[in-house]
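Worksheet for the structure shown next.
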Amino acid sequence: MKPNPIVPQPGQESVWDYPRPARLEDTSKRIRIIFNGEILAETQRAKRVVETSHPPVYYIPPEDIKLEYLRETTAQTWCEWKGWCRYYDLSVGEKTASHAAWRYVQPTPPFIAIQEYYGFYAQAMDACLVDDEQVTPQPGDFYGGWITSDIVGPFKGGPGTRGW
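See the structure below:
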């Protein structure tokens, strides 16, 4: 059952206006990720993926990430739009987070621009910020979207949304 989309106000985007299949976009918004008090990543050169019913997922270039804190795992998944993905554990000091980040190692042609870029699960971080606004993680434990005040849903990921 399809939900009733929230009507966006001026300056907002509705995830129900995003395309399917997903689309890759450049963004100049300031993206920061903080974990265990450390600024893990900071950039204004991110890319975002938008897809119907999902808040944007931000991908950060490796040059703007402290990669020494990430460890590749054996976990991998396949996305019908983006391709093969590998996951990374994160460890800063005594604090760790399993499968906290991911990267498309074999992206499909439309997503080749994010091949070396990393996405991060907001729920695993101390804070993820878009232009200094702390994001709310997309519901559920699989999708990595970031919800900000300029994005309206409802959003896929919570109970009862699998068929959206």
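Take the sequence shown: its letters are residues 1 to 164, numbered as in full-length UniProt numbering.
Where is the CB? At the ideal position from N, CA and C, for every residue including glycine.
As the structure is a prediction and not an experimental result, all values here were calculated from the model.
If you drop the 5 nearest sequence neighbours on each side, which residues of the same chain put their C-beta closer than 7 Å to that of residue i?
i      : result
His99  : Thr73, Ala75, Tyr87, Asp89
Gly83  : Tyr104, Gln106, Pro107, Thr108, Phe111
Arg162 : none
Using the beta-carbon count (16 or more within 10 Å), is residue i buried or exposed?
i           : result
Ala97       : buried
residue 232 : The chain is shown from 1 up to 164; residue 232 falls before or after that span and cannot be answered.
Glu116      : exposed
Trp16       : buried
Trp146      : buried
Asp141      : exposed
Pro102      : Residue 102 is actually Trp in this sequence, not Pro. So Trp102 ends up on the buried side.
Met1        : exposed
Ala127      : exposed
Can you tell me which of the three DSSP states residue i falls into?
i      : result
Trp164 : coil
Ala124 : helix
Pro110 : helix
Asp131 : coil
Glu68  : helix
Trp16  : helix
Glu38  : strand
Gly55  : Per the sequence shown, residue 55 should be read as Pro rather than Gly. Reduced to three states, the DSSP call for Pro55 is strand.
Pro137 : strand
Glu63  : helix
Ile31  : strand
Trp78  : strand
Ile6   : coil
Gly153 : coil
Would you call the CB atoms of residue i and residue j closer than 7 Å?
i      : j      : result
Asp35  : Val105 : Reading off the sequence, residue 35 comes out as Phe, not Asp. Not in contact: Phe35 and Val105 (Cβ atoms no closer than 7 Å).
Ile31  : Thr43  : yes
Asp131 : Gly11  : no
Val49  : Leu24  : yes
Pro137 : Gly158 : no
Lys47  : Asp64  : no
Leaving out five residues on either side along the sequence, give the residues of the same chain with a beta carbon under 6 Å from the beta carbon of residue i.
i      : result
Gly144 : Val57, Gly119, Tyr121
Lys156 : Ser53, His54, Trp164
Pro154 : Pro3
Lys66  : Leu40
Ala22  : Val49, Glu51, Trp81
Val7   : none
Tyr18  : Val50, Glu51, Thr52
Near residue i, what residues of its chain come up, given a Cβ to Cβ distance below 8 Å and the 5 sequence neighbours on each side ignored?
i     : result
Pro62 : Glu116, Tyr117, Tyr118
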